[in-house]
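Convert by adding 151 to the 1-based position in the sequence shown; the result is the number in the working numbering.
Note that beta-carbon positions come from the ideal geometry of N, C-alpha and C, so glycine has one too.
All of these numbers come straight from a predicted model, not from anything done at the bench.
One structure is given here, and the rest of the page talks about it.
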Amino acid sequence: MSDTRSGSTAIKNSGNKTVRKLRNLGLGLVLPILVLVIWQTLSTNGSFSPTQLPQPGDIVLAAVELINRGTLLGHVAISAQRVLIGFLIGALLGIFLGSIVGLSKIAGRLLYPTVGALRAVPSLAWVPLLLIWMGIYEEPKITLIAIGAFFPVFTTVASGFKAVDRNLIEVGRSYGLRGAQLVTQILLPAASPTIFSGIRLGLAQAWLFLVAAELIASSKGLGFLLLDSQNTARTDILFLSIILLAILGKTSDWLVGLLEKRVLRWV
C-alpha cells in the first residue's frame, strides 16, 4: 500500500514539475513573440525602409541563403571555437589568480589595484597592442577573448574565497590540508556557487569580446559577418548575425547552468 502511495506521489510531483517547466517556457516566450509582432508591424507599415529594418521572414531567407552557400555553419563554428578556447584560458587563469588572492591578503594588496585598473580598459583599446605583439592570426583574437573572460572570473573567485568561513579553513588545516589540497577540497566546494556566477559572467563577457576580436583582420566568424554585412548594406544578414550571437550566448549559458546544478549537488 505504501509503495502504491509513494509511486502516485512521485508521478504527481513529476507532473507538477512538467507543468511548471511548460509554464516557465510559455512565460519566457511571451516577450520574444511580442518583439516579433512589433518588428513585423514596424517593417511593413512604412515606419522603416527594408534597408533599415527588414522583415523577420527576410532574416530566415538570409540564413537559408548562407546555408546554401555553405558559409553560415563555418562562421558559427569558428566563432564558437574562439570563444571556447579564449574562455577556458581566461577562466582558468582567473580561478588560479583569484584563489591566490582569496588565500593571501598580501597577494590581494599586490594584485587588486593593477587588475582593477586593467579591467577598466575598453575591449577595443587592446586591439592595436595585440596586433603589434601577435600579428593578425588567431592568437590576438583568442587572447582578447581570454582577457574578457578573465576579469569576472578572477573577481568572483577572489570574493568567493574571502567569503568562505575562516573556521572551515582552520578545520581543513587541522587535517593537514595545505595549498592546492586546501583549495580543491575546502575552498572550491564552499565557494562554488559564487565561482559559477563568475564563470557565467566570464562566458557572457567572452561573447561580448568576440565581436571586437573578430574585427582583427578576420575573414570568418560572426563578428566578421556583422562588419561585412554593414559594408555591403545587407541588413538582413546583420540582424541574422546579432540573433545568432544571442542564441549562442544563451545556449552556452544554459549549458553552464546545467553543469552548475550537477556540481552543486555533488558538493
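Please state if the CB of Ala213 and the CB of Ile421 are separated by a distance shorter than 8 Å.
Residue 421 lies beyond the residue range present for the chain, which begins at 152 and ends at 418; the question has no answer from this structure.
Pick from Ile218, Trp190, Pro264, Gly225 that is closest to Gln206, judged by C-alpha positions
Among Ile218, Trp190, Pro264, Gly225, the Cα nearest to that of Gln206 is on Trp190.
Assuming Leu275 contacts Ala363 under a Cβ cut-off of 8 Å, what Cβ separation, rounded to an integer in Å, is found between them?
Rounded, the Cβ-Cβ distance is 5 Å, consistent with contact.
May I ask you to report which of helix, strand or coil DSSP gives Tyr420?
Because the chain in this structure spans residues 152 to 418, residue 420 falls outside the shown range and cannot be described.
Do Trp277 and Ile293 have their beta-carbon atoms positioned less than 8 Å apart in this structure?
No; because the gap between Cβ atoms is not below 8 Å, this pair is not in contact.
Considering only their Cβ atoms, is the gap separating Ser250 from Leu328 smaller than 8 Å?
Cβ distance not < 8 Å, so Leu328 and Ser250 don't count as in contact.
Bounding residues of the alpha helix (DSSP H) (the contiguous stretch that carries Asp404):
Unbroken alpha helix (DSSP H) run through Asp404: 386–417.
Looking at the structure shown, is Pro205 part of a helix, part of a strand, or coil, going by DSSP?
Correct three-state label for Pro205: coil.
Tell me the DSSP secondary structure of Glu365 in three-state form.
The answer is coil: DSSP assigns Glu365 none of H, G, I, E or B.
What is the DSSP secondary structure of Lys292, reduced to helix, strand or coil?
Judged by DSSP in its simplified three-state form, Lys292 adopts helix.
Assuming Gly253 contacts Val304 (C-beta within less than 8 Å), just tell me the rounded distance between them.
The pair is not a contact, with the Cβ atoms about 12 Å apart (cut-off 8 Å).
Keeping to the same chain, check which residues put their C-beta closer than 7 Å to that of Val414; ignore five residues upstream and five downstream.
The beta carbon of Val414 sits closer than 7 Å to the beta carbons of Ser343 from its chain, once the five residues preceding and following it are set aside; these are given in chain order.
Option in Thr383, Ala341, Phe375 with minimal Cα separation from Leu396:
Nearest neighbour of Leu396 by Cα position, chosen from Thr383, Ala341, Phe375, turns out to be Phe375.
What is the DSSP secondary structure of Asp316, reduced to helix, strand or coil?
Asp316: coil per DSSP, three-state reduction.
Alpha-carbon to alpha-carbon, Ser380 and Gln232:
So the alpha carbons of these two residues sit roughly 22 Å apart.
Go through its chain and collect everything with a Cβ distance to Gly311's Cβ below 6 Å, but skip five positions before and after it.
Only Ala342, Thr345, Ile346 meet the Cβ criterion.
Does the Cβ-Cβ distance between Leu281 and Pro273 come in under 8 Å?
The Cβ-Cβ distance between Leu281 and Pro273 does not fall below 8 Å.
Find out if the Cβ-Cβ distance for the pair Gly323, Ala355 is shorter than 8 Å.
No; because the gap between Cβ atoms is not below 8 Å, this pair is not in contact.
If you draw a straight line from the C-alpha of Thr265 to the C-alpha of Val315, how long is it?
Each residue's alpha carbon lies about 24 Å from the other.
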